[in-house]
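First the structure, in the form of structure tokens, and then the observations on it.
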């Protein structure tokens with residue numbers, strides 16, 4: 076956005092104007108919110124507001140998270156309601172044949188590093204600018 080003194084509307088008004096147009100883009104879900112230079116809390120989010128729902132029973136948590144999200148979507152005052160709950164993630168187990176690996180000169184750490192290189196998330200770079 077332009078500096079505040081040079082514009083006629085604030086960030087929320089721009090988002091409200093763009094939201095209907097962007098909703099028509101097929102195959103894309105966009106969450107628009109104004110960005111603050113200062114973030115309170117450590118969790119990132121698709122929105123300005125967030126809540127945490129907890130349970131000691133995973134099935135109950137899944138059921139009620141979906142019910143709550145659907146109920147919130149019915150409220151006109153709330154837009155872009157989303158959940159970061161992920162179901163049916165891909166999972167696999169690796170069993171290392173340590174004897175065979177040792178014969179080939181491969182340690183458990185080598186296997187771990189190879190899997191992390193293939194599927195892990197490493198920080199590639201830190202870009203410094205005037206905001207950080």
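Numbering (my numbering), first residue to last: 76 to 207.
Heads up, the beta-carbon is just placed ideally off N, CA and C, and yes, glycines get one too.
Note that the structure is predicted; figures quoted are calculated from it, not measured.
Contact annotation: residue 143 and residue 136 have beta-carbon atoms that are not nearer than 8 Å.
Within its own chain, the residues whose Cβ lies closer than 8 Å to the Cβ of residue 107, once the five positions on either side in sequence are excluded, are 90, 93, 94, 97, 155, listed in chain order. Counting along the chain, the unbroken alpha helix (DSSP H) around residue 185 starts and ends at 183 to 194. Just so you know, the alpha carbons of residue 109 and residue 133 end up roughly 33 Å apart. The three-state secondary structure of residue 159, taken from DSSP, is coil.
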